[in-house]
Amino acid sequence: MSNTPQPTEPLSDGLLPLMTEAAEQADALMHRGGEALRHTGQNLQQRATHAREVASDYVRNEPFKSLLMAAATGAVLMGLASLLSRSHTPR
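As numbered in the working numbering, residues 13 to 103 make up the sequence shown, in order.
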């Protein structure tokens with residue numbers, strides 16, 4: 013029975029450090045990805061807050077222009093909706 017294969021302990025001993033290193037690298041990547049996502053979220057939140065403040069200031073300083081722009085935008089959107097609904101209506 014000396015020709016029987018030996019247990020695979022040497023193979024598993026060699027794989028354990030590789031598996032440990034791979035797990036550590038995956039953990040590090042996950043941590044960096046989470047940090048990048050958190051940073052991006054904070055950046056977007058700051059930009060949205062700034063845009064809201066700028067728009068609010070503009071409306072406060074130029075109320076008539078703001079009203080005209082809103083009315084014009086509404087008219088354009090209604091015109092587009094009307095064109096799109098006509099093109100889908102059977103004749």
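We put the CB at the ideal spot given by N, CA and C, even for glycine.
Q: Pull up the distance between the alpha-carbon of Met13 and that of His43, whole angstroms please.
A: Here residue 13 corresponds to residue number 1 of the sequence shown, with the count starting at 1. Here residue 43 corresponds to residue number 31 of the sequence shown, with the count starting at 1. With a pLDDT of only 49 at Met13, under 50, the local geometry of the prediction cannot be trusted, and no value is derived from it.
Q | Euclidean distance between Cα positions of Thr85 and Leu41 | A | Taking the first residue of the sequence shown as 1, we reach residue 85 at position 73. Taking the first residue of the sequence shown as 1, we reach residue 41 at position 29. Answer to the nearest angstrom: the Cα atoms are 45 Å apart.
Q.
I'd like the list of long-range same chain contacts for Ser78, defined as Cβ closer than 8 Å, with 5 residues on each side in sequence excluded.
A. Taking the first residue of the sequence shown as position 1, residue 78 is located at position 66. So the list reads Tyr70, Val71, once near-sequence residues are dropped.
Q: Give the secondary structure of Leu27 by DSSP, where H, G and I count as helix, E and B as strand, and everything else as coil.
A: The residue given as residue 27 occupies position 15 in the sequence shown. In this structure, Leu27 counts as helix in the three-state DSSP scheme.
Q: Output the distance between the C-alpha atoms of Ala38 and Thr32, rounded to the nearest integer angstrom.
A: Stepping through the sequence shown from its first residue, residue 38 is reached at position 26. Stepping through the sequence shown from its first residue, residue 32 is reached at position 20. If you take the alpha carbons of Ala38 and Thr32, they lie about 10 Å apart.
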